[in-house]
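With positions in the sequence shown counted from 1, the corresponding number in this note's numbering is that position plus 305.
Yeah, the Cβ is synthetic: ideal placement off N, Cα and C, and Gly gets one too.
Down below is the structure, laid out as C-alpha coordinates.
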Amino acid sequence: MEDKNIKKMIGKVFNDIADAIETGKFGEKTRVAVTMLGSEHGVDNIVKGAEMAQSRDTMIEVVLIGPKVDTKLKIHEANTEKEQYEIMEKLLDSGEIKGCVTLHYNFPIGVSTVGRVLTPATGKEMFIATTTGTSSPHRVEAMVKNGIHGIIAAKASGICNPKVGILNVDGARQVERALCELKDNGYDIDFAQSIRADGGIVMRGNDLLSGTPDVMITDSLTGNLLMKVFSSYTTGGSYESLGYGYGPGVGEGYDRNILIISRASGAPVIANALSYAALVANGNITGVSENEFNKAQKAGLREILSQLTKDKKAATAVQEEISAPPKEIVTSQIAGIDIMELEDAVTVLWKNRIYAESGMGCTGPIVMVNETKLTQAIEILKQEGYITK
(Lines of atoms letter the chains of each structure in order from A and count residues from 1; the text may use other names and numbers.)
(Lines give C-alpha, C1' and ligand atoms only; values in the text may rest on other atoms or scores of the structure.)
Protein backbone atom coordinates (compact mmCIF):
# COMPACT_ATOMS: atom_id res chain seq x y z
CA MET A 1 0.00 0.00 0.00
CA GLU A 2 2.84 2.37 0.93
CA ASP A 3 4.64 1.57 -2.35
CA LYS A 4 1.49 2.45 -4.29
CA ASN A 5 1.25 5.82 -2.53
CA ILE A 6 4.89 6.57 -3.23
CA LYS A 7 4.46 5.65 -6.89
CA LYS A 8 1.34 7.82 -7.04
CA MET A 9 3.23 10.78 -5.55
CA ILE A 10 6.14 10.29 -7.94
CA GLY A 11 3.72 10.10 -10.85
CA LYS A 12 2.08 13.37 -9.80
CA VAL A 13 5.47 15.10 -9.53
CA PHE A 14 6.43 13.99 -13.05
CA ASN A 15 3.03 15.11 -14.39
CA ASP A 16 3.51 18.51 -12.73
CA ILE A 17 6.97 18.82 -14.23
CA ALA A 18 5.65 17.88 -17.65
CA ASP A 19 2.91 20.50 -17.35
CA ALA A 20 5.44 23.11 -16.27
CA ILE A 21 7.70 22.29 -19.22
CA GLU A 22 4.75 22.52 -21.61
CA THR A 23 3.42 25.79 -20.22
CA GLY A 24 6.78 27.26 -19.26
CA LYS A 25 5.67 27.93 -15.69
CA PHE A 26 4.94 26.64 -12.22
CA GLY A 27 1.71 27.93 -10.70
CA GLU A 28 -0.73 30.43 -12.14
CA LYS A 29 0.19 32.99 -14.75
CA THR A 30 -0.45 36.65 -14.06
CA ARG A 31 -3.03 37.90 -16.53
CA VAL A 32 -2.52 41.48 -17.71
CA ALA A 33 -4.17 43.42 -20.51
CA VAL A 34 -3.49 46.29 -22.87
CA THR A 35 -6.03 48.50 -24.64
CA MET A 36 -5.51 48.76 -28.39
CA LEU A 37 -7.09 52.03 -29.55
CA GLY A 38 -5.49 55.47 -29.43
CA SER A 39 -1.85 54.93 -30.39
CA GLU A 40 -0.22 57.33 -32.84
CA HIS A 41 1.54 54.27 -34.27
CA GLY A 42 -1.64 52.26 -34.84
CA VAL A 43 -3.18 49.06 -33.52
CA ASP A 44 -0.42 46.90 -35.03
CA ASN A 45 2.13 48.60 -32.78
CA ILE A 46 0.09 47.69 -29.66
CA VAL A 47 -0.32 44.10 -30.79
CA LYS A 48 3.39 43.81 -31.54
CA GLY A 49 4.25 45.04 -28.04
CA ALA A 50 1.77 42.62 -26.46
CA GLU A 51 3.12 39.66 -28.44
CA MET A 52 6.67 40.69 -27.55
CA ALA A 53 5.81 40.68 -23.84
CA GLN A 54 4.09 37.31 -24.10
CA SER A 55 6.90 35.63 -26.02
CA ARG A 56 9.63 36.63 -23.55
CA ASP A 57 7.75 36.25 -20.26
CA THR A 58 6.17 32.85 -19.70
CA MET A 59 4.88 33.85 -16.26
CA ILE A 60 2.33 36.30 -17.65
CA GLU A 61 -0.71 35.93 -19.87
CA VAL A 62 -1.32 38.96 -22.08
CA VAL A 63 -4.82 39.74 -23.32
CA LEU A 64 -5.98 42.50 -25.65
CA ILE A 65 -8.91 44.89 -25.36
CA GLY A 66 -9.97 46.32 -28.70
CA PRO A 67 -10.95 45.41 -32.26
CA LYS A 68 -10.46 41.98 -33.78
CA VAL A 69 -7.00 41.45 -35.26
CA ASP A 70 -4.94 38.53 -36.47
CA THR A 71 -3.18 37.28 -33.32
CA LYS A 72 -2.98 34.24 -31.07
CA LEU A 73 -3.62 36.43 -28.02
CA LYS A 74 -7.09 36.50 -26.48
CA ILE A 75 -9.12 39.60 -27.39
CA HIS A 76 -11.95 41.24 -25.45
CA GLU A 77 -13.63 42.98 -28.33
CA ALA A 78 -14.18 46.76 -28.18
CA ASN A 79 -14.58 49.16 -31.09
CA THR A 80 -14.35 52.55 -29.37
CA GLU A 81 -12.02 53.98 -26.74
CA LYS A 82 -14.97 54.50 -24.36
CA GLU A 83 -15.98 50.88 -24.75
CA GLN A 84 -12.46 49.56 -24.17
CA TYR A 85 -12.16 51.55 -20.89
CA GLU A 86 -15.48 50.16 -19.68
CA ILE A 87 -14.31 46.60 -20.42
CA MET A 88 -10.94 47.32 -18.79
CA GLU A 89 -12.56 48.50 -15.55
CA LYS A 90 -14.94 45.53 -15.52
CA LEU A 91 -12.09 43.05 -15.98
CA LEU A 92 -10.01 44.73 -13.26
CA ASP A 93 -12.84 44.97 -10.76
CA SER A 94 -13.82 41.32 -11.29
CA GLY A 95 -10.23 40.17 -10.84
CA GLU A 96 -10.11 38.56 -14.28
CA ILE A 97 -7.02 40.65 -15.03
CA LYS A 98 -4.49 41.83 -12.43
CA GLY A 99 -3.40 44.95 -14.29
CA CYS A 100 -3.96 46.86 -17.50
CA VAL A 101 -1.78 49.09 -19.66
CA THR A 102 -3.59 51.90 -21.46
CA LEU A 103 -2.81 55.08 -23.37
CA HIS A 104 -4.96 57.51 -21.42
CA TYR A 105 -7.04 57.39 -18.25
CA ASN A 106 -8.71 60.00 -16.04
CA PHE A 107 -7.43 59.21 -12.57
CA PRO A 108 -9.13 60.93 -9.62
CA ILE A 109 -7.33 63.78 -7.83
CA GLY A 110 -4.92 62.19 -5.38
CA VAL A 111 -3.70 59.53 -7.81
CA SER A 112 -0.57 59.86 -9.95
CA THR A 113 1.61 57.44 -11.91
CA VAL A 114 5.14 56.29 -11.20
CA GLY A 115 7.25 55.87 -14.33
CA ARG A 116 10.27 53.60 -14.68
CA VAL A 117 13.24 54.44 -16.89
CA LEU A 118 16.66 53.15 -17.79
CA THR A 119 19.24 55.84 -17.09
CA PRO A 120 21.80 56.38 -19.87
CA ALA A 121 24.95 56.96 -17.81
CA THR A 122 24.92 53.70 -15.84
CA GLY A 123 22.09 51.61 -17.29
CA LYS A 124 20.42 51.69 -13.86
CA GLU A 125 16.64 51.58 -13.54
CA MET A 126 15.02 54.54 -11.77
CA PHE A 127 11.44 55.34 -10.77
CA ILE A 128 10.17 58.82 -11.68
CA ALA A 129 7.60 59.97 -9.11
CA THR A 130 5.40 61.04 -10.70
CA THR A 131 4.64 61.27 -14.43
CA THR A 132 0.89 61.75 -14.99
CA GLY A 133 -2.12 62.48 -12.78
CA THR A 134 -2.46 64.94 -9.90
CA SER A 135 -1.54 63.99 -6.35
CA SER A 136 -2.74 67.37 -5.07
CA PRO A 137 -3.61 70.80 -6.54
CA HIS A 138 -0.91 72.23 -4.22
CA ARG A 139 2.52 71.76 -5.79
CA VAL A 140 4.60 71.00 -2.70
CA GLU A 141 1.95 68.80 -1.11
CA ALA A 142 1.73 66.89 -4.40
CA MET A 143 5.49 66.30 -4.47
CA VAL A 144 5.51 64.99 -0.89
CA LYS A 145 2.78 62.54 -1.84
CA ASN A 146 4.65 61.72 -5.05
CA GLY A 147 7.57 60.58 -2.91
CA ILE A 148 5.34 58.12 -1.07
CA HIS A 149 3.85 56.96 -4.38
CA GLY A 150 7.36 56.32 -5.70
CA ILE A 151 8.32 54.31 -2.61
CA ILE A 152 5.16 52.21 -3.03
CA ALA A 153 5.88 51.42 -6.70
CA ALA A 154 9.51 50.58 -5.93
CA LYS A 155 8.60 48.27 -3.03
CA ALA A 156 5.90 46.55 -5.09
CA SER A 157 8.60 46.00 -7.73
CA GLY A 158 10.80 44.17 -5.23
CA ILE A 159 13.07 46.95 -3.90
CA CYS A 160 12.70 46.55 -0.14
CA ASN A 161 14.47 49.76 0.89
CA PRO A 162 14.47 52.19 -2.05
CA LYS A 163 16.77 55.20 -1.92
CA VAL A 164 14.89 58.45 -2.47
CA GLY A 165 16.05 61.76 -3.96
CA ILE A 166 14.26 65.04 -4.73
CA LEU A 167 14.85 66.69 -8.10
CA ASN A 168 16.02 70.31 -7.81
CA VAL A 169 12.84 71.97 -9.07
CA ASP A 170 10.64 74.68 -7.53
CA GLY A 171 9.48 73.49 -4.11
CA ALA A 172 12.26 70.94 -3.62
CA ARG A 173 13.52 72.41 -0.35
CA GLN A 174 10.03 72.52 1.13
CA VAL A 175 9.56 68.88 0.11
CA GLU A 176 12.89 68.05 1.73
CA ARG A 177 11.82 69.62 5.03
CA ALA A 178 8.47 67.83 4.98
CA LEU A 179 9.98 64.42 4.24
CA CYS A 180 12.73 64.90 6.82
CA GLU A 181 10.06 65.73 9.40
CA LEU A 182 8.13 62.63 8.36
CA LYS A 183 11.30 60.55 8.78
CA ASP A 184 12.01 62.13 12.20
CA ASN A 185 8.47 61.16 13.21
CA GLY A 186 9.13 57.50 12.43
CA TYR A 187 8.34 56.98 8.73
CA ASP A 188 11.28 55.06 7.29
CA ILE A 189 12.79 56.85 4.28
CA ASP A 190 16.28 56.05 3.04
CA PHE A 191 17.54 59.22 1.35
CA ALA A 192 20.04 59.06 -1.51
CA GLN A 193 23.02 61.41 -1.70
CA SER A 194 23.81 63.38 -4.84
CA ILE A 195 26.91 62.26 -6.74
CA ARG A 196 28.03 65.89 -6.86
CA ALA A 197 30.80 66.85 -4.45
CA ASP A 198 28.51 68.71 -2.05
CA GLY A 199 26.07 65.78 -1.81
CA GLY A 200 22.63 66.30 -0.30
CA ILE A 201 19.26 64.70 -0.97
CA VAL A 202 18.27 67.34 -3.54
CA MET A 203 19.32 65.87 -6.88
CA ARG A 204 20.86 67.59 -9.90
CA GLY A 205 20.72 66.75 -13.60
CA ASN A 206 23.82 64.58 -13.18
CA ASP A 207 21.85 62.39 -10.77
CA LEU A 208 19.06 61.98 -13.32
CA LEU A 209 21.50 60.65 -15.91
CA SER A 210 23.25 58.37 -13.41
CA GLY A 211 20.16 57.10 -11.64
CA THR A 212 21.54 58.10 -8.23
CA PRO A 213 18.29 57.40 -6.35
CA ASP A 214 15.95 54.48 -6.90
CA VAL A 215 13.07 56.96 -6.67
CA MET A 216 13.36 60.50 -8.08
CA ILE A 217 10.68 62.86 -6.75
CA THR A 218 9.40 65.64 -8.96
CA ASP A 219 6.14 67.27 -9.98
CA SER A 220 4.04 65.39 -12.52
CA LEU A 221 4.54 67.85 -15.38
CA THR A 222 8.33 67.69 -15.04
CA GLY A 223 8.13 63.92 -14.60
CA ASN A 224 6.09 63.62 -17.77
CA LEU A 225 8.69 65.61 -19.69
CA LEU A 226 11.50 63.47 -18.26
CA MET A 227 9.72 60.29 -19.30
CA LYS A 228 9.44 61.53 -22.87
CA VAL A 229 13.14 62.43 -22.97
CA PHE A 230 14.33 59.19 -21.39
CA SER A 231 12.01 57.13 -23.63
CA SER A 232 12.80 58.70 -27.00
CA TYR A 233 16.14 60.53 -26.91
CA THR A 234 17.58 57.94 -29.31
CA THR A 235 14.74 58.21 -31.84
CA GLY A 236 14.19 61.93 -32.30
CA GLY A 237 11.07 62.02 -30.13
CA SER A 238 8.33 60.57 -32.32
CA TYR A 239 8.74 56.98 -31.12
CA GLU A 240 9.31 55.99 -27.48
CA SER A 241 11.59 52.97 -27.54
CA LEU A 242 13.13 52.79 -24.05
CA GLY A 243 11.88 52.24 -20.51
CA TYR A 244 8.72 50.88 -18.94
CA GLY A 245 6.22 53.65 -19.58
CA TYR A 246 4.57 56.14 -17.26
CA GLY A 247 3.65 53.51 -14.72
CA PRO A 248 0.86 52.53 -12.34
CA GLY A 249 -1.56 55.00 -10.79
CA VAL A 250 -0.92 55.18 -7.05
CA GLY A 251 -2.88 57.03 -4.37
CA GLU A 252 -4.24 56.59 -0.88
CA GLY A 253 -7.21 54.21 -1.05
CA TYR A 254 -6.84 53.59 -4.80
CA ASP A 255 -7.11 49.93 -5.78
CA ARG A 256 -7.00 49.60 -9.59
CA ASN A 257 -3.70 48.54 -11.17
CA ILE A 258 -3.81 50.76 -14.27
CA LEU A 259 -0.56 51.71 -16.01
CA ILE A 260 -0.12 54.49 -18.53
CA ILE A 261 1.83 54.58 -21.77
CA SER A 262 2.04 57.44 -24.25
CA ARG A 263 0.35 57.63 -27.61
CA ALA A 264 3.93 57.81 -28.91
CA SER A 265 5.05 54.64 -27.06
CA GLY A 266 6.56 52.00 -29.31
CA ALA A 267 6.28 48.22 -29.06
CA PRO A 268 9.35 47.79 -26.76
CA VAL A 269 7.90 50.21 -24.19
CA ILE A 270 4.48 48.55 -24.40
CA ALA A 271 6.08 45.14 -23.78
CA ASN A 272 8.02 46.52 -20.80
CA ALA A 273 4.90 48.21 -19.41
CA LEU A 274 3.03 44.89 -19.45
CA SER A 275 5.87 43.26 -17.53
CA TYR A 276 5.82 46.20 -15.10
CA ALA A 277 2.06 45.69 -14.63
CA ALA A 278 2.57 42.02 -13.77
CA LEU A 279 5.50 42.81 -11.48
CA VAL A 280 3.60 45.28 -9.28
CA ALA A 281 0.51 43.07 -9.32
CA ASN A 282 2.54 40.17 -7.97
CA GLY A 283 4.13 42.59 -5.51
CA ASN A 284 0.63 43.45 -4.20
CA ILE A 285 0.84 47.15 -4.98
CA THR A 286 -2.57 47.80 -3.38
CA GLY A 287 -1.49 46.18 -0.12
CA VAL A 288 1.87 47.97 -0.17
CA SER A 289 0.07 51.27 -0.75
CA GLU A 290 -2.26 50.74 2.18
CA ASN A 291 0.65 49.80 4.46
CA GLU A 292 2.85 52.75 3.44
CA PHE A 293 0.08 55.32 3.84
CA ASN A 294 -0.87 53.87 7.22
CA LYS A 295 2.74 54.27 8.38
CA ALA A 296 3.00 57.76 6.92
CA GLN A 297 -0.23 58.88 8.60
CA LYS A 298 0.99 57.55 11.95
CA ALA A 299 4.11 59.69 11.43
CA GLY A 300 1.97 62.82 11.02
CA LEU A 301 1.60 63.07 7.24
CA ARG A 302 -1.77 64.81 7.38
CA GLU A 303 -0.54 67.46 9.83
CA ILE A 304 2.67 68.06 7.86
CA LEU A 305 0.71 68.54 4.64
CA SER A 306 -1.78 70.89 6.30
CA GLN A 307 1.09 73.15 7.34
CA LEU A 308 2.40 73.20 3.78
CA THR A 309 -0.88 74.38 2.33
CA LYS A 310 -1.40 77.23 4.78
CA ASP A 311 1.35 79.38 3.21
CA LYS A 312 1.69 81.17 6.54
CA LYS A 313 5.16 82.55 5.98
CA ALA A 314 4.32 84.09 2.61
CA ALA A 315 1.16 85.68 4.02
CA THR A 316 3.11 87.19 6.93
CA ALA A 317 5.75 88.60 4.59
CA VAL A 318 3.09 90.27 2.44
CA GLN A 319 1.28 91.79 5.41
CA GLU A 320 4.32 93.42 6.98
CA GLU A 321 6.27 96.35 5.58
CA ILE A 322 9.85 95.60 6.57
CA SER A 323 12.78 97.81 5.62
CA ALA A 324 16.30 96.56 5.08
CA PRO A 325 18.80 97.25 7.89
CA PRO A 326 22.00 99.18 7.07
CA LYS A 327 23.85 97.52 4.20
CA GLU A 328 26.87 95.31 5.01
CA ILE A 329 29.43 93.36 3.02
CA VAL A 330 27.88 89.91 2.43
CA THR A 331 30.42 87.14 1.87
CA SER A 332 28.84 84.11 3.61
CA GLN A 333 26.24 81.95 1.89
CA ILE A 334 23.30 79.99 3.30
CA ALA A 335 22.00 77.30 0.95
CA GLY A 336 19.04 74.94 1.20
CA ILE A 337 16.27 77.54 0.81
CA ASP A 338 13.52 76.94 -1.70
CA ILE A 339 13.40 79.36 -4.62
CA MET A 340 9.75 80.17 -3.87
CA GLU A 341 10.65 81.21 -0.31
CA LEU A 342 13.92 83.00 -1.02
CA GLU A 343 12.68 86.59 -0.73
CA ASP A 344 10.59 85.73 2.34
CA ALA A 345 13.72 84.34 4.01
CA VAL A 346 15.59 87.57 3.31
CA THR A 347 12.68 89.56 4.78
CA VAL A 348 12.72 87.47 7.96
CA LEU A 349 16.42 88.25 8.46
CA TRP A 350 15.76 91.95 7.86
CA LYS A 351 13.03 91.78 10.50
CA ASN A 352 15.66 90.45 12.91
CA ARG A 353 17.99 93.33 11.94
CA ILE A 354 20.39 91.18 9.90
CA TYR A 355 21.22 92.57 6.48
CA ALA A 356 20.84 89.88 3.80
CA GLU A 357 20.67 89.56 0.04
CA SER A 358 19.30 86.80 -2.16
CA GLY A 359 21.37 85.14 -4.85
CA MET A 360 21.85 82.02 -6.93
CA GLY A 361 24.76 79.70 -6.21
CA CYS A 362 25.95 76.71 -8.22
CA THR A 363 23.64 74.40 -6.23
CA GLY A 364 20.60 76.68 -6.24
CA PRO A 365 19.15 79.64 -4.31
CA ILE A 366 21.23 81.19 -1.53
CA VAL A 367 20.91 83.91 1.09
CA MET A 368 24.07 85.97 1.60
CA VAL A 369 24.95 87.61 4.93
CA ASN A 370 27.99 89.12 6.62
CA GLU A 371 30.29 86.41 7.94
CA THR A 372 29.92 87.75 11.51
CA LYS A 373 26.13 87.18 11.33
CA LEU A 374 26.22 83.74 9.68
CA THR A 375 25.56 81.57 12.75
CA GLN A 376 22.78 83.84 13.99
CA ALA A 377 21.16 83.97 10.54
CA ILE A 378 21.22 80.19 10.19
CA GLU A 379 19.53 79.75 13.57
CA ILE A 380 16.79 82.23 12.66
CA LEU A 381 16.10 80.54 9.34
CA LYS A 382 15.98 77.15 11.04
CA GLN A 383 13.53 78.39 13.63
CA GLU A 384 11.32 79.91 10.95
CA GLY A 385 11.37 76.72 8.88
CA TYR A 386 13.24 77.98 5.84
CA ILE A 387 16.09 75.49 6.15
CA THR A 388 16.24 71.97 7.56
CA LYS A 389 17.09 71.66 11.21
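Count the other C-beta atoms from every protein chain shown that fall within 10 angstroms of the C-beta of Q389, then say buried if there are 16 or more, exposed otherwise.
-> Sequence index remark: in the sequence shown, residue 389 carries index 84 (1-based). Buried is the call here.
Just curious, the beta strand (DSSP E) that F432 is in, first and last residue?
-> Taking the sequence shown and counting its residues from 1, one reaches residue 432 at position 127. Note, F432: beta strand (DSSP E), 430 to 439.
Who are the near neighbours of K488 in its chain, counting only those whose CB is closer than 6 angstroms to its CB and skipping five residues on each side?
-> On the sequence shown, position 183 is the one that residue 488 refers to. Once the five neighbours on either side are set aside, the close Cβ partners of K488 are I494.
Can I642 and I692 be called in contact, C-beta distance under 9 angstroms?
-> What you label residue 642 is simply residue 337 of the sequence shown in a count that begins at 1. What you label residue 692 is simply residue 387 of the sequence shown in a count that begins at 1. Yes, the Cβ-Cβ distance between I642 and I692 is below 9 angstroms.
Around the Cβ of T385, are there at least 16 other Cβ atoms within 10 angstroms (buried) or fewer (exposed)?
-> For this step, residue 385 is matched to residue 80 along the sequence shown. Exposed.
From V507, K353, E626, residue whose alpha carbon lies closest to that of P670 | Looking up residue 670 in the sequence shown gives position 365. Of V507, K353, E626, the residue nearest in Cα terms is V507.
Minimum length 4: unbroken alpha helix (DSSP H) runs contained in the segment 582 to 622 = 590 to 603, 606 to 615
Taking Cβ to Cβ, would you say T407 is nearer than 9 angstroms to T335?
-> Here residue 407 is taken as the residue at index 102 of the sequence shown, counted from 1. Here residue 335 is taken as the residue at index 30 of the sequence shown, counted from 1. No, the pair does not count as a contact, with Cβ atoms beyond the cut-off.
Return helix, strand or coil for I696, following the three-state DSSP convention.
-> Not covered by the structure: residue 696. The range shown for the chain is 306 to 694.
Specify, as a first and last residue, the run of the beta strand (DSSP E) that V419 falls within.
-> Within the sequence shown, numbered from 1, the residue matching residue 419 stands at position 114. Segment 416 to 423, the beta strand (DSSP E) holding V419.
Within this structure, are the beta carbons of T418 and G400 separated by less than 9 angstroms?
-> Reading the sequence shown from its first residue, position 113 is the one you call residue 418. Reading the sequence shown from its first residue, position 95 is the one you call residue 400. No, Cβ-Cβ distance for T418 and G400 is not below 9 angstroms.
Among P630, P518, Y551, nearest to L526 - alpha-carbon criterion = Walking along the sequence shown from the start, residue 526 turns up at place 221. When only C-alpha atoms are compared, the closest one is Y551.
If you run the structure through DSSP and keep just helix, strand and coil, what is F496?
-> Position 191 of the sequence shown, counting from 1, holds the residue named residue 496. Three-state DSSP puts F496 in a strand.
Pull up the CB-CB distance for V520 and V555, whole angstroms please, since I reckon it's below 8 angstroms.
-> Residue numbering aside, residue 520 sits at position 215 when the sequence shown is read from its first letter. Residue numbering aside, residue 555 sits at position 250 when the sequence shown is read from its first letter. That belief does not hold up - the Cβ atoms of V520 and V555 are roughly 12 angstroms apart, past 8 angstroms.
Presumed contact (8 angstroms Cβ cut-off) between T517 and A497, rounded CB distance = Within the sequence shown, numbered from 1, the residue matching residue 517 stands at position 212. Within the sequence shown, numbered from 1, the residue matching residue 497 stands at position 192. With 8 angstroms as the limit, T517 and A497 qualify as a contact, their Cβ atoms being about 5 angstroms apart.
Give me the Cα-Cα distance between I639 and I500, rounded to the nearest whole angstrom.
-> Translated into positions along the sequence shown, residue 639 becomes position 334. Translated into positions along the sequence shown, residue 500 becomes position 195. Their Cα atoms are separated by approximately 21 angstroms.
Three-pair Cβ contact test at 8 angstroms for the segment 342 to 354 versus the segment 559 to 575 = yes
Buried or exposed: which applies to G528, given that a residue is buried once 16 or more other Cβ atoms fall within 10 Å of its Cβ?
-> One-based indexing of the sequence shown puts residue 528 at position 223. That one is buried.
For R482, does the three-state DSSP call read helix, strand or coil?
-> Within the sequence shown, numbered from 1, the residue matching residue 482 stands at position 177. In this structure, R482 counts as helix in the three-state DSSP scheme.
With a Cβ-Cβ cutoff of 9 angstroms, do I453 and A601 count as a contact?
-> Taking the first residue of the sequence shown as 1, we reach residue 453 at position 148. Taking the first residue of the sequence shown as 1, we reach residue 601 at position 296. Closer than 9 angstroms, so yes.
Quick one: residues in its chain with C-beta nearer than 6 angstroms to the C-beta of V352, no 5 flanking neighbours on either side, listed in chain order?
-> Walking along the sequence shown from the start, residue 352 turns up at place 47. Contacts found: V374, T376.
Hey, would you say the C-beta of L369 is under 8 angstroms away from at least one heavy atom of the ligand COA?
-> With respect to the ligand COA, the structure shown offers nothing to examine, as it has no ligands at all.
Short check: CB of A447 to CB of D512, under 9 angstroms?
-> One-based indexing of the sequence shown puts residue 447 at position 142. One-based indexing of the sequence shown puts residue 512 at position 207. Not a contact, by the Cβ cut-off of 9 angstroms.
For E382, three-class secondary structure by DSSP | By 1-based counting over the sequence shown, the position of residue 382 is 77. Of the three classes helix, strand and coil, the one that applies to E382 here is strand, per DSSP.
Is the segment 422 to 431 in contact with the segment 562 to 572, if contact means three or more CB pairs nearer than 8 angstroms?
-> no
Buried or exposed: which applies to T540, given that a residue is buried once 16 or more other Cβ atoms fall within 10 Å of its Cβ?
-> Along the sequence shown, read from residue 1 onward, the residue named residue 540 stands at position 235. Its Cβ having fewer than 16 others within 10 Å, T540 is exposed.
C-alpha distance - T328 paired with T363, whole-angstrom precision | Numbered from its first residue, the sequence shown carries residue 328 at position 23. Numbered from its first residue, the sequence shown carries residue 363 at position 58. Bear in mind that the predicted position of T328 carries a pLDDT of just 46, short of 50, making it unreliable; the figure below should be weighed with that in mind. If you take the alpha carbons of T328 and T363, they lie about 8 angstroms apart.
Specify the secondary structure class of R336 as computed by DSSP and reduced to three states.
-> Counting from one through the sequence shown, the residue named residue 336 turns up at place 31. Three-state DSSP puts R336 in a strand.
Roughly how many angstroms lie between the CA atoms of K678 and T614, to the nearest whole one?
-> Numbered from 1 along the sequence shown, position 373 holds the residue referred to as residue 678. Numbered from 1 along the sequence shown, position 309 holds the residue referred to as residue 614. One C-alpha to the other measures close to 31 angstroms.
Below 7 angstroms CB to CB, which residues in the same chain sit around A604 once its five sequence neighbours on both sides are set aside?
-> Sequence index remark: in the sequence shown, residue 604 carries index 299 (1-based). Counting only Cβ-Cβ distances below 7 angstroms, and skipping sequence neighbours, we find L487, N490, G491, Y492.
On a CA-only basis, which of P553, G558, A583, S567 is nearest E545? Give me that one, please.
-> Sequence index remark: in the sequence shown, residue 545 carries index 240 (1-based). Closest option to E545, Cα to Cα, is S567.
How about R478 and E646: are their beta carbons less than 9 angstroms apart?
-> To locate residue 478, count along the sequence shown from 1; it is residue 173. To locate residue 646, count along the sequence shown from 1; it is residue 341. Contact: yes.
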